[in-house]
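Q: Here's a structure for you.
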Amino acid sequence: MKKTALITGATSGIGRATAHEFAKHGINLILCGRRQQRLDSIQKALSRETDIHTLSFDLRDREKTLKAIASLPKEFQQIDILINNAGNAHGLDPIQTGNLDDWDAMMDINVKGLLYVSKAIIPGMTERKSGHIINIGSSAGKEVYPKGNVYCGSKHAVLAITEGMRLDLNPFGIKVSAINPGLVETEFSEVRFKGDAAADNVYKGYKALQAEDVAEVIYFAVSRPAHVNIADVLMFCTAQASSTIVNKFN
Ligand code: NDP
Ligand code: 8X3
169 MKKTALITGA
179 TSGIGRATAH
189 EFAKHGINLI
199 LCGRRQQRLD
209 SIQKALSRET
219 DIHTLSFDLR
229 DREKTLKAIA
239 SLPKEFQQID
249 ILINNAGNAH
259 GLDPIQTGNL
269 DDWDAMMDIN
279 VKGLLYVSKA
289 IIPGMTERKS
299 GHIINIGSSA
309 GKEVYPKGNV
319 YCGSKHAVLA
329 ITEGMRLDLN
339 PFGIKVSAIN
349 PGLVETEFSE
359 VRFKGDAAAD
369 NVYKGYKALQ
379 AEDVAEVIYF
389 AVSRPAHVNI
399 ADVLMFCTAQ
409 ASSTIVNKFN
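Numbering (the numbering used here), first residue to last: 169 to 418.
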């Protein structure tokens, strides 16, 4: 029987690449994000390969998030795979000059939004005693870099929550994984630097991970046999050794 996956942050970057990868393998998809037009065009592009439903909501809005997931039509209600991917960094500032709105955004979206979606979907999984939750963390969840303070804090929280989920959901046979990439060339830096030219330099002078590289690892994790859980993956591009060490051409 075909599986159904819900992917948050499917309008761009890693989430969109994962939608393409899953569609190739015939997984039914619930694609989430705020930008409905993008959801529509991804749905159009992939609907020859699999069945797709889209949900447009802002993860910061708890009621709308829960309502959107509760509104799923019957054929999409059984969610086998949850990819908690939506999130971003907002700003890159020392703690003493950081912006409160940026801090709110990162904690509300990367941490609380992930929790709201999980809260809506976990009961179906515990009832069926099956399911797979993959949280997209980051190398920033494993180490802290200068000016990364709150973003790193949000991703450390994602990792702790992932481990907590794995403990609590263990009696139900639910797999819980964290996939933690380093630098990936997506719209991430445009968002972090709010369209500033600084974003242009982030992926210059080396070959960063591409969204498709991460999507392939996510699919690898979901396609293991029932007794295998890929619990935690740290992946870098070859040029990257840590958050602060990247071997650039010049
Ligand atoms: P993108 O900016 O390309 O994608 C972010 C996605 O998150 C978009 O689809 C966006 O959809 C969604 N999103 C953001 N805010 C909200 C919100 N308030 N409500 C609902 N959806 C939201 O970045 P990436 O693909 O790179 O990022 C995906 C994940 O990967 C994030 O969790 C990020 O922290 C993580 N990551 C990224 C790395 C990188 O270097 N790029 C490295 C390590 C981890 P929309 O705007 O339509 O709502
Ligand atoms: C994204 C990677 O190094 O920009 O999580 O924080 S980094």
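Even glycine gets a Cβ: it sits at the ideal position worked out from N, Cα and C. For clarity, every value in this text was computed on a predicted model and none was experimentally measured.
#1: If Ser-411 and Ala-308 are in contact, beta carbons under 8 Å, what's the gap, nearest whole angstrom?
#2: Of all the options Leu-174, Asn-415, Phe-340, which has the alpha carbon lying nearest to the alpha carbon of Glu-243?
#3: Considering only the beta carbon of each residue, do Phe-340 and Lys-297 sit closer than 7 Å?
#4: Looking only at C-alpha atoms, which of Leu-268, Asn-253, Ser-306 sits nearest to Leu-282?
#5: When every heavy atom of the ligand 8X3 is checked, does at least one fall within less than 6 Å of the C-beta of Ala-308?
#6: DSSP three-state call for Gly-332: helix, strand or coil?
#7: Excluding the 5 residues flanking Asp-219 on each side, which residues of the same chain have their C-beta closer than 7 Å to its C-beta?
#8: At what residues does the alpha helix (DSSP H) containing Ser-209 begin and finish?
#9: Taking the CB atoms as reference points, tell me whether Gly-350 and Phe-404 lie closer together than 7 Å.
#10: Please state whether the Cβ-Cβ distance between Thr-176 and Cys-200 is less than 7 Å.
#11: Tell me the rounded alpha-carbon separation between Met-274 and Glu-217.
#12: Would you grab the beta carbon distance between Asn-278 and Val-326 for me? Rounded to a whole angstrom, and I think it's under 8 Å.
#13: Beta-carbon within less than 8 Å of Val-359's beta-carbon, same chain only, minus the 5 sequence neighbours each way: which residues are those?
#14: Between the C-alpha atoms of Asn-317 and Lys-280, what's the straight-line distance to the nearest angstrom?
#15: So is His-193 buried or exposed if we call it buried at 16+ other beta carbons inside 10 Å?
#16: Whole-angstrom Cβ separation of Asn-338 and Val-401, contact assumed at under 8 Å?
A: Concretely, from the data shown:
#1: Contact between Ser-411 and Ala-308 holds: CB atoms are separated by about 7 Å, below the 8 Å threshold.
#2: Of the listed residues, the one whose Cα sits closest to Glu-243 is Leu-174.
#3: Using a Cβ distance threshold of 7 Å, Phe-340 and Lys-297 count as a contacting pair.
#4: By alpha-carbon distance to Leu-282, the top candidate from Leu-268, Asn-253, Ser-306 is Asn-253.
#5: Yes, the beta carbon of Ala-308 sits closer than 6 Å to at least one heavy atom of the ligand 8X3.
#6: DSSP, reduced to helix, strand and coil, places Gly-332 within a helical segment of the structure shown.
#7: Result list for Asp-219: Asn-196, in chain order.
#8: It spans 204-214 - the alpha helix (DSSP H) in which Ser-209 sits, taken as one unbroken run.
#9: A contact, by the Cβ cut-off of 7 Å.
#10: A contact, by the Cβ cut-off of 7 Å.
#11: When only Cα atoms are considered, Met-274 and Glu-217 end up about 34 Å apart.
#12: Asn-278 to Val-326, Cβ: 6 Å. Contact.
#13: Excluding its 5 nearest sequence neighbours in each direction, Val-359 has C-beta neighbours in its own chain below 8 Å: Asn-256, Ala-257, His-258, listed in chain order.
#14: Distance between the alpha carbons of Asn-317 and Lys-280: 17 Å.
#15: Looking at its Cβ environment, which holds fewer than 16 other Cβ atoms inside 10 Å, His-193 is exposed.
#16: That belief does not hold up - the Cβ atoms of Asn-338 and Val-401 are roughly 19 Å apart, past 8 Å.
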